[in-house]
Each structure stands twice: as structure tokens, then as C-alpha cells.
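Trainee: Structure below; questions to follow.
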Amino acid sequence: MSNTQIRPEIPQQSPLFLLFGPLARGLDHDTVTKLRDGLAADKKYEWILRTVSSLPEDWKTIQSSAEDIPTTSSGLKSLEDLRDAFDQTVEQLSTALPLPNTVLIPLVVASHLSQFMRFAEETTPGVKYPAGLSSHGVRLTQVVGFCIGTLAAFAVSSSRSRAEFEHNGSVAIRLGMLIGMAVDAQDEALGPSGCLSIIWNSKKQEEDLVTILRDDAEVILLSLSG
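Take any residue in the sequence shown, count from 1 to its spot, add 6: that is its number in the working numbering.
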């Protein structure tokens, strides 16, 4: 989420591996304002601003046409607050921290997409991204997303022109809001959700993990729920 300008030089015909990261739970009001100001400063990001500003109407459409998708009572208000901040009707978000997933996830996706645009243009000036990277001496070999980063990865990897990228990117931002709606509703009904990461650096540790998951899955689930 950093606004630091990085201008990496990629050797000709170098393979390029793009990795979009997970949810930034620590996103605060100042960071959102910096993201908004950065997007507003360049016309090439106008489509992102429009997409974010349209999220309250998308929320209403989902609520009226897909009644089986749960929502929270504060979801629409939070999205309207986000719209007003991105339209610069208000200086800063007023939604309490930590930001609800309904707002947080589309913001993270928007940040991923804008960072990719900046990266592509700074490494290969004039590039018609995403597919055009290969025509500028860079082989886009793999695009991967971790957790919510999958949405941006899909948008980049499935686009073959600027128009496709903007369309797919807008879809990714809206899908982020939809995911956030469901997560917030579940958290409101069942309590806050959590996430665990497990790593191993040897074959023995991997085998031990498989054994634990196979033999003690019920105990693990009880511990997590408790």
C-alpha cells in the first residue's frame, strides 16, 4: 500500500512474476486518503474512482436482486462514506476502524490494480498493458494472488488490452465488495473470523502437519472455535 515510487529496470527478455498480496487489515483513514489523492492526481485512474463511487448503488442492486446474500445494517452507510471520500465530498472517511470488509476489500483491490498500472508504465514506458509487456522485452510468465490478491491477479491475467483491463479491474473491485458483504454479515452473526498461516521447511514437518490434520482435525476445530 506504499506510495513510494520505485522504478525497477528489467533486463530484456526477463521473465516477470507478479504476486498480489493479501488483505491489509491495518488500513487506516490516512492511508485511504493518500490512496484517494494518488488516484485523483492522474486521469488514468479515473475508472477506479468511478468504480469505487458506484459501490453504494451496486450494494443496493445486490440487496434487491439477491436476497440470499446476507448484509449488515451498516454496510450501505460505510460504502456511502467511502463514496463521499473518493468524490472528495468529505475530506476523510468517518467509518470506524478497523474498516469493515465491505469497504476494506475493494480498497485493497483498487490499490493492487493501481500499483500494477504504475509498475507497468514505469518499467516499460508506453506499454499497452497487461499483454503488451511481452512486446516490450518482458515475458509475463505468471500472475499469482494470495488471498484477496487473487482478484487483482485474475483481472491482470485475463486482460489483453487497456479496455479489458479496466473492465476486469472494475469487476474485481465489485467482487471484493461482494465478498466483504458476506464476511461482515457472517462476523456479525457468528463473531469475528480469523486466519491462520502454517509454514514448514522440511519433509518431516510437512508429514507431521498432515498427520495432525488427519488425526486431530476435530480437536483443532474445537480449539479454534473456543
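Idealized CB from N, CA, C, for every residue including glycine.
(1) Go to leucine 33, then tell me how far its alpha helix (DSSP H) extends in each direction, as first and last residue.
(2) Could you compute how far the alpha carbon of serine 120 sits from the alpha carbon of tyrosine 51?
(3) So the candidates are Val109, Ser71 and Thr101; which of them puts its Cα closest to the Cα of methionine 187?
(4) Which residue or residues does DSSP assign as beta-bridge partners of valine 150?
(5) To the nearest angstrom, report how far apart leucine 82 and leucine 55 are at their CA atoms.
(6) Can you tell me which of the three DSSP states threonine 57 falls into?
(7) Report the rounded CA-to-CA distance for glutamate 127 versus serine 165, giving the unit in angstroms.
(8) Taking DSSP as the reference, what is the three-state secondary structure of proline 62?
(9) Does the beta-carbon of lysine 209 have 16 or more other beta-carbons within 10 angstroms, so that it is buried, or is it exposed?
(10) With C-beta atoms as the reference, is serine 100 less than 8 Å away from aspartate 87?
(11) Quick check on glutamate 213: does DSSP put it in helix, strand or coil?
(12) Using the beta-carbon count (16 or more within 10 Å), is glutamine 11 buried or exposed?
(13) Are the beta-carbon atoms belonging to glycine 182 and proline 112 less than 8 Å from one another?
(14) If I measure Cβ to Cβ from serine 199 and keep anything under 8 Å in the same chain, skipping five residues before and after, which residues do I get?
(15) From tryptophan 206 to glutamate 73, what does the alpha carbon distance come to, in whole angstroms?
(16) In this structure, how does DSSP classify alanine 102 when only helix, strand and coil are distinguished?
(17) Give me the Cα-Cα distance between alanine 47 and isoleucine 185, rounded to the nearest whole angstrom.
(18) When you compare each of Gln148, Ile154 and Met123 to alanine 30 by their alpha carbons, which one comes out closest?
(19) Roughly how many angstroms lie between the CA atoms of glutamine 148 and alanine 178, to the nearest whole one?
(20) Beta-carbon separation of alanine 91 and arginine 42 under 8 Å?
(21) As a quick exercise: from Gln98, Glu170, Pro21 and Phe152, pick the residue whose alpha carbon is nearest that of valine 114.
Mentor: With the structure as the only source:
(1) Counting along the chain, no alpha helix (DSSP H) covers leucine 33, and no H or E run does either.
(2) If I take the Cα positions, the gap works out to 7 Å.
(3) For methionine 187, the nearest C-alpha among the options comes from Val109.
(4) DSSP, once it has assigned bridges, lists Leu25 as partnering valine 150.
(5) Whole-angstrom Cα-Cα distance: 18 Å.
(6) Under the three-state reduction of DSSP, threonine 57 is assigned to helix.
(7) One C-alpha to the other measures close to 16 Å.
(8) Correct three-state label for proline 62: helix.
(9) Lysine 209 counts as exposed, since fewer than 16 other C-beta atoms from the protein chains shown sit within 10 angstroms of its C-beta.
(10) Cβ distance < 8 Å, so serine 100 and aspartate 87 count as in contact.
(11) Reduced to three states, the DSSP call for glutamate 213 is helix.
(12) Residue confidence is low: glutamine 11 scores 46 on pLDDT, short of 50, so the model does not pin down where it sits. No coordinate-derived value is stated.
(13) Yes, these two residues count as a Cβ contact at 8 Å.
(14) These residues qualify, in order along the chain: Val189, Gln192 and Asp193.
(15) For tryptophan 206 and glutamate 73, the distance between alpha carbons rounds to 42 Å.
(16) Alanine 102: coil per DSSP, three-state reduction.
(17) Cα to Cα, the separation comes out at about 29 Å.
(18) Residue nearest to alanine 30 within the set Gln148, Ile154 and Met123 is Ile154 (criterion: CA-CA distance).
(19) Glutamine 148 and alanine 178: Cα-Cα distance of roughly 18 Å.
(20) The Cβ atoms of alanine 91 and arginine 42 sit closer than 8 Å to each other.
(21) It is Phe152 whose Cα lies nearest to the Cα of valine 114.
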